[in-house]
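Comments concern the structure below.
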Amino acid sequence: MSRNRKAGTITIIPDVSIIDIAEEGKGVGKADELVIFVERAVPGDVADVRIVKKKKNLAEAVIETLHKKSELRTDPFCQYFGTCGGCKWQHMEYDAQLKFKYKNVEAALQRLAKIDTASMEPILGSAENKYYRNKLEYTFSNKRWLNKEDMVERAEALDTDGPNPDLEMNALGFHVPLRFDKIIDIQHCYLQAEPSNSIRNEVRDYALKAGLTFYDLRNHEGNLRNLIIRTSSTGEVMVVVVFAYAEQGQIDGLMEHLKSKFSEVTALLYIVNQKKNDTIFDQEVITYAGRDHIFEDMDGLKFKIGAKSFYQTNSDQAHELYKITKEFAGFTGNELVYDLYTGAGTIANFVARSVKQVVGIEYVPTAIEDAKFNSKLNGIDNAIFYAGDMKDILTREFIADHGKPDVVITDPPRAGMHADVVERLLEMEADKIVYVSCNAATQARDLSLLKEKYEVVRIKPVDMFPHTQHVENVVLLKFRGELA
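Every number in our numbering is 386 more than the matching position in the sequence shown, counting from 1.
Here it is in structure tokens:
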């Protein structure tokens, strides 16, 4: 290794070869015994890197000078790449993204669960890797993030005698990573199709002209707080404006403007949230125009989506994910199925017509209400749902009352399953478990415990979120008694 050079307290390590990419999306290089995680680096890059954080044999760094570009590199398509916290892999070819997502899932299962991944199937890529999301949430702020060009413009403006040399500091967009009070003002986002960009830009323009104040995230004051836009494959659009401290006349003015401007909006809603946090699950949703929901269609099934509903944000790929889940389960038509962490009952209702009965459990009561509504909407009478903490609902008594399941489908949050839930799965000894996960590390942790009685027989990653490091993974486990 070449000698490090220092400029004051700055350490620059020259000619670092990027050899891998970490689960959090950073490139990985080595310098002697030091493992370096390099922001926005791609395997195959060779660069001088500047250390920004160091602890023992690990360091975080940024590229100071890129000497050799990886063949896997491509030009980012979004002007906010590198500032916005989303789409961190835009600078890498999509086929390469899939390769490293597959590799990261494989490594987690091998390293953390000691699982033989010979049964692992090719990753299913997303047919669309732009405009694939059906939901985005934006934040209003009176403290816009200023990039280098803005800072130069601001400095030059301050030297003039103009009436207002300051730049426009209001913003409607996304948070800067690690800066809760700084918002990037977004003009065009590649994550959600029209009319998403048009609606967001119109809301911003109206607010500025009408003198509505943007939220101050430190002092908790201002008229406008958040904007949520949901779209569906049926062509319906939901817009939810979240106000903070606004008079009714201000609310009505903006909502009426959106109603007249965007006839395609089928659910125009608003919320008044004056809490210190942005969560809306405990807030009243007021319907200004249209319905209080939109509908999503999947495989001939309709799903009601409200302002607070959970639904997979990549609709097309969610359909593929559920088809894989159903295929892994291998239903014959006579199974009792437990769907754990059922959310709005999407998977439960998706498989209901292929089984004898489905029992869904979910922590959020409003999601269970959606699940029940969706069953009724689709004429499904063999799905029942319960709301409550999984470890408290899924008891020995519950299983005795409802019957031992033939198949368990579990799709927990990123933290994985509670240890009590894993223990209950081991006790109930279902023939099959289909484990859907958005976090290979916590999935591997749970699989290592389930190995006591179960064998992993199929594994298939599914890319739900192109240009990010995130990936879903579906695993089929069979009870060892069935394998004898």
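Built from N, CA and C at the ideal position, the CB exists for glycine as well. Values in this document were obtained by computation on a predicted structure and should not be read as measured data.
Whether residue i touches residue j by CB criterion (7 Å)
i, j, result
"V744", "A734", "yes"
"D725", "I819", "no"
"E450", "I398", "yes"
"L458", "N443", "no"
"V723", "V793", "yes"
"H804", "K777", "yes"
"R436", "A447", "yes"
"K742", "E713", "no"
"F771", "G746", "yes"
"G471", "P563", "yes"
"K846", "I710", "yes"
"L610", "F526", "yes"
"Y656", "I666", "no"
"D567", "G559", "no"
"W475", "Q483", "yes"
"I501", "V842", "yes"
Short CB-CB distance (under 7 Å) between residue i and chain D
i, result
"E622", "In summary, chain D is missing from the structure at hand, where a single protein chain is found."
Beta-bridge pairing of residue i - partner residues as DSSP gives them
i, result
"S527", "A557"
"D434", "T451"
"Q829", "DSSP output for Q829 lists no bridge partner at all."
"M624", "R616, A653"
"L444", "V421, K441"
"Y518", "For Y518, which the question treats as bridged, DSSP gives no partner whatsoever."
"K758", "Answer is none; K758 lacks a bridge partner."
"I666", "For I666, which the question treats as bridged, DSSP gives no partner whatsoever."
"K846", "V860"
"L610", "F600, F629"
"R565", "V562"
"D683", "K688"
"I637", "The partner list for I637 (beta bridge, DSSP) is empty, contrary to what the question assumes."
"A704", "Per DSSP, none; premise fails for A704."
"R459", "M478"
Pairwise C-alpha distance: residue j and residue i
i, j, result
"W531", "E783", "54 Å"
"V857", "C824", "6 Å"
"F463", "Y488", "24 Å"
"E670", "V628", "11 Å"
"N587", "E607", "22 Å"
"S582", "K454", "38 Å"
"C473", "T854", "5 Å"
"P799", "N859", "13 Å"
"F736", "Y708", "7 Å"
"D817", "K790", "10 Å"
"T395", "G415", "21 Å"
"G729", "G719", "23 Å"
"G430", "V491", "21 Å"
"K690", "L763", "9 Å"
"K661", "S584", "29 Å"
"I754", "E554", "44 Å"
"N605", "N533", "23 Å"
"L495", "P508", "15 Å"
"G639", "K647", "12 Å"
"F759", "F423", "47 Å"
"A596", "N515", "36 Å"
"M641", "Q573", "21 Å"
"Y517", "C575", "8 Å"
"D481", "E580", "26 Å"
"R565", "K485", "31 Å"
Close Cβ partners of residue i (< 6 Å) along its chain, the five nearest in sequence each way excluded
i, result
"I614", "E523, V626"
"D683", "S619, T620"
"R519", "L577, Q578, T699"
"M850", "N700, Q703, E858"
"N768", "A738, Q743"
"H643", "Y592"
"V658", "F629"
"K521", "R616, T699"
Rounded Cβ spacing between residue i and residue j (contact assumed at less than 8 Å)
i, j, result
"D832", "G802", "5 Å"
"A871", "D702", "Residue 871 lies beyond the stretch modelled for the chain, which goes from 387 to 870, so this question has no answer here."
"F600", "A557", "7 Å"
"Q634", "L598", "About 13 Å separates the two Cβ atoms, so there is no contact after all."
"T732", "K694", "In fact, because the Cβ distance is near 15 Å, the residues do not count as touching under 8 Å."
"L862", "L836", "About 12 Å; that fails the 8 Å criterion."
"D787", "Y749", "The Cβ separation is near 20 Å, so there is no contact."
Own chain partners of residue i with C-beta closer than 7 Å, once the 5 adjacent residues on each side are dropped
i, result
"R677", "T652, A653"
"T460", "H477, M478, E479"
"L498", "A827, A830, R831, S834"
"I779", "I747, Y772"
"V428", "I404, G413, S456, L458, R459, H477, M478"
"L687", "N735, F736, N764"
"I410", "The question names Ile, but residue 410 is Glu in the sequence shown. Excluding residues within five positions, the ones whose Cβ falls inside 7 Å are Q855."
Own chain residues within Cβ distance below 8 Å of residue i, not counting five before or after
i, result
"T781", "R810"
"V848", "I509, L510, Q703, E706, L707, I710, V857, E858, N859, V860"
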